[in-house]
Amino acid sequence: MAETADKKDILRGGQFLVKETACEDVFTPEDFNEEQKMMKETVKEFVDREIVPHKERFEHKDYALTEEVMRKAGELGLLGIAVPEEYDGLGMGFVSTMLVCDYISGATGSIATAFGAHTGIGTMPITLYGTEEQKKKYVPKLATGEWFGAYCLTEPGAGSDANSGKTKAELSADGKSYKINGQKMWISNAGFCNVFIVFARIEDDKNITGFIVENDPSNGISLGEEEKKLGIHSSSTRQVFFNDTVVPVENMLAGRGEGFKIAMNALNVGRIKLAAACLDAQRRVIDLGVKYANERVQFKTPIAKFGAIKSKLAEMATNAYASESASYRAAKNIEDRIAIRLDAGASHSEAELKGVEEYAIECSILKVAASEDMQNCADEGIQIFGGMGFSADAPMEAAWRDARISRIYEGTNEINRMLAVGMLVKKAMKGHVDLLNPAMAVGEELTGIPSFDTPDYSEVLSEEKAMVAKLKKVFLMVAGSAIQKYGPELEEHQQLLMAASDILIEIYMAESTILRTEKNVKRSGEDAQKEQIAMAQLYLYHAVDTINQKAKEGIVSFAEGDEQRMMLMGLKRFTKYQNQPNVIALRNLIAEKVTSENTYPF
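Be aware that the sequence shown starts at 1, since it is given in the UniProt record's numbering, and climbs by one per residue.
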């Protein structure tokens, strides 16, 4: 009975906005079990042995090295973490798959991309949508690294609008095969893959269809030259051309016209895994930055002692800590939702698909936040190194270039911003998230008399939690009024959606950071967590600023007269601290911890 109650208590995707979450109900990196800790150490050792010593080769387009490292990862079982055991995988839970993606992706974007493309969009569509015969034929080879996979969706005229592809699949006269003709571009792993997931349109179908296509040059498959790219230099990226490529009908993936659904669901998983892929990259950049700052002496002082550098290190560490907190919170929510589905009798593939789909909003939030935090981290890393940071002989230049792609693939950050709010509105319309009643309550609060009581914020992080609750009211106020005004046409007002999305993102990231810290304060005491408390407070301070700016931008753009004045007054009320944090003192405390330990120590 208790177990059923627990299941009901798990928040659905997007409900974080309208329901309070207890810190005991979030998963944190400090909750890794022994198996996960061992897996983390295994992956870190692998990266430090097989990748880090060869950074120079990765920067000089050594595609063979990428393939070699991927094969070794396969031998260790790292390519089959998420694959069920019956297909030669390790069958581990979602949190463990996040953890492996996190730690294998930090040293070079080339391996991060090859690993993500193979294990995610290269293998997962077959694991989740394939027939039993398709799974038995292909998945064991992909899980062990005997074969590699690639994913052919993007075309010259079909990028963000993925369903507009022109590649055609024509059924043969005898009904036994399809002939595929078309061109795909930006295909990761194309240069060494054995099997493609190809999306093509049959006749004039509304939606594209997925096919499993073996890479056989004698079957009308040819590749363009390796693309010249800003970063991820040793990630094989080529155009793929299909010229009367014959594919047996039994290689259709799922049903006719199901390709768009496959593509969208694969992207949901890809987005949260991309957030994971940005985590260890941030940690490693911080490590490099702080080591350099401690060693670099100017004006007879290590630059780590200067306030300007302390500020950078503190902000970098805080954003990395926030990205970790939110990513693993969502990963465990997904894992728990998958478990509920499995207990109810769903198949592995159905449970995983529905589990991830439930948290598609959070996946988009994380993709945006972590990719932008990583880019900022690498940018500040260059700045700490000064002139040396601009040199290709120092590590920051490559980190910055590699980070840049993360804001583009798995759906651009602009697309993901609009998706996050759009999906939330759709969930509200289906009754999965009650936005209407909380939004009406906020409206009533705006016209009511505010309380002048002085709240008791003596408990650690209590004011921060109260602030997050108020920030949620800001979103409900702004988004609720915008939905009322524009209805279904809201999606045409992209700049409003983007502003609302930034509010949503900051709420989720700030709340996740605060809840992780509160949980660990209860576990190990306030003194042991003083730097983490400082990071939670610093992150929230910036979140309040961002939300204030974005909400104001929205309010002055769609509201007028009394409504505008009332909403601006509400905004002021909902973003007001009782006790403003001492931002410089917070940064100094965090930076002192990072510099004294000469690493990212959280």
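C-beta: ideal position from N, C-alpha, C; glycine also.
Query raised in the report: Which stretch, first to last residue, makes up the beta strand (DSSP E) that contains W400?
Result: According to the DSSP assignment, W400 belongs to no beta strand (DSSP E) but to the alpha helix (DSSP H) extending over P395 to R404.
Requested in this report: Would you kindly work out how many angstroms separate the C-alpha atoms of L79 and A439, rounded to a whole number?
Outcome: The straight-line gap from Cα to Cα measures roughly 45 Å.
Query raised in the report: Under the rule that 16 or more other beta-carbon atoms within 10 Å means buried, what is A585, buried or exposed?
Result: A585 counts as exposed, since fewer than 16 other C-beta atoms from the protein chains shown sit within 10 angstroms of its C-beta.
Query raised in the report: Applying the criterion that 16 or more other CB atoms from any shown protein chain within 10 Å of the CB defines a buried residue, is S512 buried or exposed?
Result: Answer is buried; the Cβ neighbour count reaches 16.
**Report entry** Anticipated Cβ contact below 8 Å, V195 with Y138, distance rounded
**Finding:** The C-beta distance from V195 to Y138 rounds to 6 Å, short enough to meet the 8 Å contact threshold.
Query raised in the report: DSSP on N319, reduced to helix/strand/coil?
Result: Under the three-state reduction of DSSP, N319 is assigned to helix.
**Report entry** Close beta carbons around K55, own chain, < 8 Å, minus the five adjacent residues each side
**Finding:** Excluding sequence neighbours, K55 sits near A107, T108, P395 and A398.
Query raised in the report: Would you say Y87 and K135 are within 7 Å of each other, going by their C-beta atoms?
Result: Cβ atoms of Y87 and K135: closer than 7 Å.
**Report entry** Collapsed DSSP secondary structure at Q580 in the structure displayed
**Finding:** If DSSP states are grouped into helix, strand and coil, Q580 belongs with coil.
**Report entry** Option in A360, S347 and I361 with minimal Cα separation from G130
**Finding:** That would be S347, whose Cα lies nearest to the Cα of G130.
Query - For F196, three-class secondary structure by DSSP - result: F196 falls in the strand class under three-state DSSP.
Report task. Locate the alpha helix (DSSP H) running through V474, then write down its first and last residues. Result -> Note, V474: alpha helix (DSSP H), S462 to Y486.
Requested in this report: Apply the 10 Å Cβ neighbour rule to E597 and answer buried if 16 or more other Cβ atoms are within range, or exposed otherwise.
Outcome: Taking a 10 Å sphere around the C-beta of E597, we find fewer than 16 other C-beta atoms and assign the residue as exposed.
Query raised in the report: CB T575 to CB V544, shorter than 7 Å?
Result: Less than 7 Å separates the beta-carbon of T575 from that of V544.
Query - Counted within 10 angstroms of its Cβ, other Cβ atoms place I449 as buried (16 or more) or exposed - result: With fewer than 16 other CB atoms across the displayed protein chains lying within 10 angstroms of its CB, I449 is exposed.
Requested in this report: Could you tell me the distance, in whole angstroms, from the CA atom of L435 to the CA atom of P156?
Outcome: Going from the Cα of L435 to the Cα of P156 covers about 39 Å.
Requested in this report: Quick one: grab the DSSP three-state call for L29.
Outcome: The sequence given here has Pro at residue 29, not Leu. Three-state DSSP puts P29 in a helix.
Query raised in the report: Helix, strand or coil: which one does DSSP assign to A2?
Result: Note that A2 scores a pLDDT of 35, beneath 50, so its modelled location is shaky; the value from the coordinates is reported in the next line. Of the three classes helix, strand and coil, the one that applies to A2 here is helix, per DSSP.
Query raised in the report: Per DSSP, E149 forms a beta bridge with which residues?
Result: Position check: residue 149 holds Gly in this sequence, whereas Glu was assumed. For G149, which the question treats as bridged, DSSP gives the partners V195.
**Report entry** Euclidean distance between Cα positions of K19 and V468
**Finding:** Cα-Cα distance, rounded: 11 Å.
Query raised in the report: Looking at E59 and H233, is the spacing between their C-beta atoms short of 7 Å?
Result: At the C-beta level, H233 and E59 come within 7 Å of one another.
Report task. Sort I483, S164, E258 and T21 by Cα distance to L424 and report the nearest one. Result -> The shortest Cα separation from L424 among I483, S164, E258 and T21 belongs to I483.
Requested in this report: Measuring alpha carbon to alpha carbon, tell me which of G570, G554 and A499 ends up nearest V442.
Outcome: For V442, the closest alpha carbon among the candidates G570, G554 and A499 is that of G570.
Query raised in the report: DSSP beta-bridge partners for Y178?
Result: Paired residues: L171 and V247.
**Report entry** the region 341 to 355 in contact with the region 521 to 535 per 3-pair CB rule at 8 Å
**Finding:** Because the criterion of three Cβ pairs below 8 Å is not met, the region 341 to 355 and the region 521 to 535 do not touch.
Query - Identity of the residues DSSP links to T301 by a beta bridge - result: Beta-bridge pairing links T301 to Q298.
**Report entry** Reduced DSSP secondary structure (H/G/I, E/B, other) of V213
**Finding:** It is a strand residue.
Query - Whole-angstrom C-beta distance between N207 and G289, which should lie under 8 Å - result: Not really, about 46 Å apart at Cβ, beyond 8 Å.
Query raised in the report: To the nearest whole angstrom, what separates the beta carbons of I309 and A293, a pair I think is in contact under 8 Å?
Result: Sure, about 5 Å apart at Cβ, within 8 Å.
Query raised in the report: Could you give the C-beta distance for S327 and A276, rounded to a whole number, given that I count them as a contact under 8 Å?
Result: Yes, S327 and A276 are in contact; Cβ-Cβ is about 6 Å, under 8 Å.
Query raised in the report: If you run the structure through DSSP and keep just helix, strand and coil, what is I384?
Result: In the three-state DSSP reduction, I384 falls in the helix class (H, G or I).
Query - CB-CB length for F390 against K485, believed under 8 Å - result: Contact flag wrong, Cβ pair sits at about 48 Å.
Report task. Could you please give me the residues that DSSP links to I187 through a beta bridge? Result -> Residue pairing by DSSP puts I187 in a beta bridge opposite R238.
Query raised in the report: If you count every other CB in all the chains shown that lies within 10 Å of the CB of N243, and 16 or more means buried, which is it?
Result: N243 should be labelled exposed.
Requested in this report: Enumerate in chain order the residues of its own chain whose CB-to-CB distance from G210 is below 8 Å, with the five nearest sequence positions on each side excluded.
Outcome: Closer than 8 Å at Cβ, skipping near neighbours: P125, Y129, I197, V198, F199, M252, L253, A254, E258, G259, I262 and A263.
Report task. Please determine, among K470, L515 and Q529, the residue with the shortest C-alpha to C-alpha distance to L504. Result -> Closest option to L504, Cα to Cα, is K470.
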